[in-house]
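Let me begin by presenting the structure, written as structure tokens, before commenting on it.
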Amino acid sequence: MTVNERAVWATLITFPLVGAVYFAVVLTRAAEMPVDEVSWVVPMIWAMGLLIGMVILGTIAASIATAIAAEARGETAELEEGDVRDKQIELLGDARAYQLSGFGGLAAIILLMVGAEPFWVANTLFLSGILTGMLAAGIKIRAYRNGL
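Convert by adding 243 to the 1-based position in the sequence shown; the result is the number in the numbering used here.
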């Protein structure tokens, strides 16, 4: 498993977890008070930071676990860097998932046109980003497992 594939797995695990926690916190607040009073900016910044940090830490942890498992089997642990196939898989996953991102942007523009609160616009874009990341990771994992 290459470093790129480990990062994709970390993304596939991290994005739904962080997204679920973020939306649980923010939507709970939104249920208790008007949305223009909901403090969503700081939780969103934390969620974005956690997404980045957890993907990095997940990739590192997977690399360490792979190295330990290889040593336990008596093999030499090697760092497998990506090749042309990894680049093609990344392009495939990103290209297909960016369509969803475009729809999220369109939804945000429509919300702005109808005068929606910034809360709804920002959370629409954030949800779009979470779903796009998950879709891209899913497409990439499928390509790693089944081929291009």
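Every residue, glycine too, gets a C-beta built ideally from N, C-alpha and C.
Residue i - containing alpha helix (DSSP H), residue span
i	result
residue 271	246-275
residue 314	284-315
residue 348	327-356
Spatial neighbours of residue i in its chain, beta-carbon cut-off 7 Å, leaving aside the 5 residues before and after
i	result
residue 337	379
residue 376	254, 258
residue 275	none
residue 364	351, 354, 355
residue 349	none
Sequence-distant residues of its chain with Cβ nearer than 8 Å to residue i (five each side left out)
i	result
residue 391	328, 331, 332, 335
Under 9 Å between C-beta atoms of residue i and residue j
i	j	result
residue 339	residue 302	no
residue 325	residue 247	yes
residue 354	residue 371	no
residue 345	residue 374	no
residue 387	residue 298	no
residue 369	residue 287	yes
For residue j and residue i, believed in contact at Cβ under 8 Å, the rounded distance
i	j	result
residue 261	residue 269	Between residue 269 and residue 261 the Cβ distance is about 12 Å, and since that is not below 8 Å, they are no contact.
residue 265	residue 290	4 Å
For residue i, three-class secondary structure by DSSP
i	result
residue 375	helix
residue 381	helix
residue 365	helix
residue 386	helix
residue 281	coil
Sequence-distant residues of its chain with Cβ nearer than 6 Å to residue i (five each side left out)
i	result
residue 283	269, 362
residue 273	281
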